[in-house]
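Structure, as structure tokens:
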Amino acid sequence: MVHSKLREVPAFGRRWTTVALACAALVSWLCTATASAVTWDWKLPVPTGNAMRAVAQGANAYVAVGNGGSILYSDDGSAWSLARAGGAGDALEAVVYGNGVFVAVGQGGAVWRSADGRQWTRSTNPTTTALRAVTYGSAGFVACGELTLITSPDGATWTPIDTGVTPGVFGPRFQGVAYGNGVYAVWIDIDPIGATSAAAVLTSVDAATWARVPLGPFDGHDGVLFARGFVHADDRFVALATSDTLDSVSLTSSDGSHWRAGTTATHEGTTVYFKSGAFDPAAGRYVALAGFNDPPLALDAYPVVMSSVDGLDWTSQGIVNDIPLVRLARAGDIVFGLPNAGGGMYARSGASTWSAIAPVSPVWRLSSILADGDVVIAAGTGAGDTKHGSTAALIASFDGGGTWSKVLTVEGTVEGGGFAGLAAGATHKVAVGTANHSVTGAFVPVAYASTDGATWTSADLSAVDADVSGSYGVAYGNGVFVAGAAYNGDAVAVLTSDDDGATWQSRVTNLSQPIGRIVFAGDKFAAVSAGFSSSVFFSSDATVWSERATGTSASYLTDIAYRDGTYVALGLAFGPAGNVSTLVVSADGFSWEPVDAATDIVALSADADGFVATGTGGNVYRSADGRTWTSSWSGSADWITASARLPDGRLAVTTVRGGVLVGTSADRIFADGFDVAARRP
């Protein structure tokens, strides 16, 4: 068992798994300096690492929309390009083609329209409510979300519709809309708290006057149903729902008013619940993604593909191995499978066979990035072609962050393990992390070394104490690599290695807390604990450490950075309004003061140009002195887990979903914190 004082360290190397950061800071926070003008390009995967949520076809083009407001277009559904990079918090949920235009809807009531899929214009927001679905029919466009229903003849001018549906505690919500046989139909999820009525459908022939049709109970289901797919195809509406007991419920109707329930779907005798669905015109069947409702199986990342001729009786077509699909979307004659991570799209080419048509990241998560000349290394957990959490992986770029490839995969790592730290010494680079022992299955440290970043050699860990159960951050200084270590038992150790990183040994320290993130600060190592401590620890020899309290309001510190005599430490504070990050700064390591900064920060780094902090909503913050910070949005909807300065001055960042982005200009900063990229010659 891991040392009792050790916090859980997730696969991407940050201790944030069990906390929910405050959402308000994701978009609105700016420090006293103005926001950066730096823009960002996806380098892995290309064209985007944001997850796609929906696809549509029309005007001889395909359009995909998704997280971060990203919009892709394609002429054939196979080769995709970026039409719109998006904006912070601007997630798009659905897209449809009709009346000569594409219309996409999403969070905050966002509505975007385009005639060709390439050039997009934002319509005047008819609502601030999140819009989840949109369709087109004889009376124009209809979009819905939460308790909002809006209509438009052209996608530009929208009119709210009063449906008479009243709000509850957690609902009801309009979750899906479809059009067919001259009828619009809108699915209504009921309020699961104190619900007194079943789910329902609203129907209309003119998009102006709507009638409510209650659903259920059906064959033992009480009507407490939640939509997972709502389509019209093959002359009927098909609703895929999940009950409050996680059973699958399918309903069909020819007119939207009279509904029939199908049988409960199963895979090899085990009940499954629907996640998403679409109609496959090539197969002449409805297809659905489903998951297991049995707890031991529910954590499986990969869905079951179900199929049905009539939308009522469903047959399993097997598990989609190695591809964590979460949504299906039909566009023209293609059924697209959409994962929830690492970008990418897949096209259905068989019963449970999917072909990648938009690139995905070769790693599941990234936790660290290291720039050493033109060689840039990023470390993480899990490869895109194997189950996440089952491998540790390194990817590398040999052209300064432009193109990336996987250079190392280590089998036998575990959920919560993987590579967590990178460092460069005088001649070698090292990567450290956590793996499973090949014989005992116990957690053990893993370390690799390389001279060129392309070829990596497993380090000799025979001198590491058997009680060491993993490794976190790593730093190089005074001719030695030092890595923080998880430890079983009462003693606390660090791992050390000479210049080449080839042989490691454990050193028992005077600490009562295991070392987590670590940096070399001029002439000594500075570290924060992997346990629950708000102190910073210092040592010149990695054996004898001194503890210095920071006085922070944080419950514990999670990261530390150093440059030019200044330390910045990152902590997490628990509060009634949520759990938020805090920063403290010190010029000597003894006296610390709080910094007015963003509250969504998850990682710190420092380089010759300044400090960099990265956040949960794709935010990147920069500072010359650790006190005054600028903000920019990276283009990622996911957490930014690490950053590194490239030789040409551009900043590279990694995402929790295995992505890499690079700033489009050298974003060096003056001491006042303002971006000066535009003023550089």
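Residues -37 to -1, 1 to 644, numbered by mature numbering (1 follows the signal peptide of the UniProt record, and there is no 0), are exactly what the sequence shown covers, in order. We treat Cβ as the ideally placed atom computed from N, Cα and C, and that holds for glycine.
Below 8 Å, enough C-beta pairs join the segment 575 to 585 and the segment 613 to 622 to call them touching: three or more. One alpha carbon belongs to residue 54, the other to residue 88, and they sit about 14 Å apart. Taking all protein chains in view, the Cβ of residue 391 is crowded by 16 or more other Cβ atoms within 10 Å, so the residue is classified as buried. The shortest C-alpha to C-alpha distance from residue 456 to any of 464, 447, 463 is the one to 447. Measuring C-alpha to C-alpha distances from residue 269 to each of 26, 203, 367 identifies 203 as the nearest. Rounded to whole angstroms, the Cβ separation of residue 370 and residue 359 is 5 Å, and the two are in contact under 8 Å. Ranked by how close their Cα comes to the Cα of residue 506, the residues 490, 499, 235, 473 have 473 in first place. Here residue 343 is near residue 356, since their CB atoms are less than 8 Å apart. CA-CA distance, residue 589 to residue 516, rounds to 18 Å. By alpha-carbon distance to residue 96, the top candidate from 628, 276, 8, 292 is 292. Annotation: the continuous beta strand (DSSP E) that includes residue 188 extends over 188 to 196. With 16 or more other CB atoms across the displayed protein chains lying within 10 angstroms of its CB, residue 239 is buried. Residue 279 is a Cβ neighbour of residue 231, given a cutoff of 8 Å. Taken in chain order, the complete alpha helix (DSSP H) segments of 4 residues or longer contained in the segment 213 to 295 are 258 to 261.
For residue 408, the CB contacts under 7 Å within the same chain, skipping 5 residues up- and downstream, are 395, 397, 424, 427, 431, 433, 434, 448, 458 in chain order. Within the segment 416 to 468, the beta strand (DSSP E) runs of at least 3 residues that lie entirely inside it are, in chain order, 423 to 426, 431 to 440, 443 to 450, 456 to 460. For the pair residue 420 and residue 345, the Cα-to-Cα distance works out to about 19 Å. For the pair residue 304 and residue 327, the CB atoms are nearer than the 8 Å cut-off.
CA-CA distance, residue 488 to residue 311, rounds to 52 Å. Residue 68: member of the beta strand (DSSP E) spanning 64 to 69, first to last residue. Annotation: residue 491 to residue 479 spans about 6 Å, alpha carbon to alpha carbon.
With respect to the C-alpha of residue 545, the residue from 539, 537, 533 having the closest C-alpha is 533. Assignment of residue 552 by DSSP, reduced to helix, strand and coil, places it in the coil class. Of 289, 285, 294, the smallest CA-CA separation from residue 245 is found for 294. Pairing residue 596 with residue 562, the inter-Cα distance amounts to about 15 Å. Counting the other Cβ atoms within 10 Å of the Cβ of residue 138 gives 16 or more, which makes it buried.
For residue 523, the enclosing beta strand (DSSP E) starts and ends at 519 to 526. Under the three-state reduction of DSSP, residue 32 is assigned to helix. Here DSSP, grouped into helix, strand and coil, assigns residue 622 to coil.
Contact annotation: residue 27 and residue 43 have beta-carbon atoms nearer than 8 Å. Counting only runs of at least 4 residues, the segment 308 to 376 fully encloses no alpha helix (DSSP H) element at all. Residues of the same chain with a CB within less than 7 Å of the CB of residue 81, apart from the 5 flanking positions on each side, are 36, 46 in chain order.
Taking residue 6 as the centre and dropping the five residues before and after it, the same chain places the C-beta of 360, 364, 365, 366, 367, 615, 623, 624, 625 closer than 8 Å to its C-beta, in chain order. Within the same chain, and ignoring the five residues on either side of residue 57 in sequence, the residues whose Cβ sits closer than 8 Å to its Cβ are 16, 17, 28, 67, 68, 69, 94, 95, 96, 97, 106. The C-alpha of residue 50 is placed about 20 Å away from the C-alpha of residue 565. Residue 332 and residue 110 have their C-alpha atoms roughly 44 Å apart.
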